[in-house]
Every structure is written in C-alpha cells, then in structure tokens.
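Chains as they are written, first to last, in my numbering: chain A, 551 to 705; chain B, 11 to 158. Heads up, the beta-carbon is just placed ideally off N, CA and C, and yes, glycines get one too. Please read all numbers here as calculations on a predicted model, not as lab measurements.
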C-alpha cells in the first residue's frame, strides 16, 4: 500500500499540475502575408489580418480602433508608388491564444537609401483558430527628417 | 481499517499536487501594486527606483529614439528624462494576462512645468515575474500629437 501511494505521490508531483502544452510557433505565415498585402497596397487585405477590435497605436497620432478604421488608415498612408517598407522580426513569444512580436522596420525610397527606421511591438490573438494582430504599436528611431516622409508611414 | 490508513496518503497526495502547482501559478489579478510603485517612483523623480522596476532583459522603446536595453542604459535614460520635473497620470488602463506575462495598455497624461495643457499619449507594457517581483519587460509609448 505505502509503495503504491509513494508512486502516486511521485506521479502527482510530476504531472499533478496541469502542464501547459508546448507553445505553437509564431504565425510567421500570417506576418508574411501582411508584408505581401502591404506591398500590394491592399488595404482591405491588410485590415483583414487584424482582429475586429484591434488597435493601431501610431506615433504622434491617437489610437486607431477597429478593422474599418485600420483599413482607412492603411489606404491613406500606403498609396501606390510610396516608399518601400521592410520588416525584421527580433523576438517572438507565444503563450496560448496570445503572441508577442517585436521587430524593426525601415522605410526607403524604391531602390534607394533608407529614409527612416523604427521599431514595433505587436500583440497577436488567436480568434476562431486564426492568428490575427490585436495591438500594433510602432515609433521611429529619430525625430522626423527635414523632408517629412511620415505621411507615408507604415502600419 | 483500510480507509483509516488511506486518509493520510490521500491528504499527502493532494498537498503534493498543490505544492507542485504553486510555483507555476500566475496570479489572476494584474500586479497593480508594482504598477503603482512605478508611477510613484516616476512622480517623485526617483530614476534609480524606476530602473529597478525593469527586468534584467528589459527594453524600453521610446518615441523618436532607438531602443534602450538593460539596467544601466535604462537608468541613464530616466536620469536624463528627469521624471521629477513632470507630473504623470495614467487612465483608460486595460490589462490582459498572456501566458506567464501581463500585458498592460492605457493612456498617459504628462504635465510639464509652465505648460498649461498636458501632453497626452498611449503606452503598452509587458510585465514579467522575476523571482517574486513583477517587473516591466517591454515598455513602449508615444504621444498623440507631434511635439516637434
């Protein structure tokens, strides 16, 4: 009896606390889709990658809430022929139905030099089995240049 | 008779299970005392105290500046910022538990001397627990209007 109970205690110690399942990988495919749609000036397609109650937190502007407002913002700030926008992921953390991504971005003239650079943090949320961006905050690494490029700032 | 002998073992098993879970538990409520401590340190101009409220791998992402990483650079950042010169308030705060972290967002209002209107902006924070202390791991904010 005591031996069996001892084994049981060991099992409870090892597994009695419900272990969180191993986190799934960051949804890089969705992040890549964001880049593709942004480059194609597909504002509706970009907005569709945000949750219905998502928020953009842009620098020097108030918070932009909701998918429709996000679509309008992207359409207004990413016109065809605008500067090129590149993203690098620095860190991802996935925890259950949420994920965190931190990264950097650069804005450059098409085929030309870097105009500005910055950093971003995103909070992702899994809704109905789909990973979407829930919060998206970014800012630049320096005050605006003499020639203001921020009318084309990315999301 | 067998039942009498089983009782202590069952109790031991239950206690062992609870003890095993304890270290992994994340409290259900946001660690508000830690956030209040940060705000108090800011408004009292305690840059040293502010720096101690960030995790060893913390990064702050200020507007129009590169990322500031680690204790000493963060301490220098707040020393230069001179928080005692500014009165800070936060509002519209929301918190979300995300795994072992807490995510917090809200708006801030900074009142500078000789300025009638406060400068308003928004912030996000990712909090992590280091040993028994809740500390800020990522901290980003930006104003709602250009300040240049």
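1) I need the straight-line Cα distance from residue 111(B) to residue 139(B), nearest angstrom please.
2) Should residue 108(B) be flagged as near chain A, meaning a C-beta pair shorter than 8 angstroms?
3) Does the distance from the C-beta atom of residue 228(B) to that of residue 123(B) stay below 8 angstroms?
4) Over the uninterrupted alpha helix (DSSP H) stretch that includes residue 623(A), give me the two end residues.
5) When the distance is taken between beta carbons, is residue 116(B) closer than 8 angstroms to residue 102(B)?
6) Which of the residues in the stretch 660-679 of chain A, read from start to end, lie with their CB under 8 angstroms from any CB of chain B?
7) Helix, strand or coil for residue 116(B) per DSSP?
8) Would you call the stretch 47-60 of chain B and the stretch 660-677 of chain A in contact, with 3 or more CB pairs under 8 angstroms?
9) Is it buried or exposed for residue 660(A), if we count other Cβ within 10 angstroms and need 16 for buried?
10) Suppose contacts are defined by Cβ-Cβ distances below 8 angstroms. Is residue 159(B) in contact with residue 47(B) by that definition?
11) For chain A, is any of its Cβ atoms less than 8 angstroms away from the one on residue 146(B)?
12) Under 8 angstroms, Cβ to Cβ, is there at least one residue of chain B near residue 628(A)?
13) Would you check if the stretch 647-656 of chain A and the stretch 619-629 of chain A touch, i.e. whether three or more CB-CB distances between them fall below 8 angstroms?
14) Apply the 10 Å Cβ neighbour rule to residue 121(B) and answer buried if 16 or more other Cβ atoms are within range, or exposed otherwise.
15) Which chain B residues sit within Cβ distance under 7 angstroms of residue 609(A)?
16) I need the straight-line Cα distance from residue 580(A) to residue 680(A), nearest angstrom please.
17) With DSSP as the reference, label residue 73(B) as helix, strand or coil.
18) Please state whether DSSP places residue 122(B) in a helix, a strand or coil.
19) What do you reckon, are the CB atoms on residue 628(A) and residue 593(A) nearer than 8 angstroms?
20) Is residue 585(A) close to the ligand GTP? I mean its beta-carbon at under 7 angstroms from any heavy atom of the ligand.
21) In terms of alpha-carbon separation, which member of 69(B), 104(B), 97(B) and 38(B) lies closest to residue 85(B)?
22) Does DSSP put residue 641(A) in a helix, in a strand, or in coil?
23) Scan the stretch 82-116 of chain B for residues whose Cβ lies nearer than 8 angstroms to a Cβ of chain A and list them as they occur along the chain.
24) Would a check of beta-carbon distances place residue 50(B) closer than 8 angstroms to chain A?
25) Verify the CB distance criterion: does residue 704(A) have a CB-CB separation below 8 angstroms to chain B?
Once the coordinates are examined:
1) 7 angstroms
2) yes
3) The structure shown has nothing for residue 228(B), since chain B only spans 11 to 158.
4) 617-627
5) yes
6) 669, 671 and 673
7) strand
8) no
9) exposed
10) With chain B represented from 11 up to 158, any question about residue 159(B) goes unanswered, as that position is not in the structure.
11) no
12) no
13) no
14) exposed
15) 73 and 152
16) 9 angstroms
17) coil
18) coil
19) yes
20) Judged by which ligands are present, the structure shown has none, so any question about the ligand GTP falls away.
21) 69(B)
22) strand
23) 106, 108, 109, 110, 111, 113 and 115
24) no
25) Legend: pLDDT at residue 704(A) = 44, less than 50; position of this residue unreliable, value from coordinates given subsequently. So no, residue 704(A) is outside the interface.
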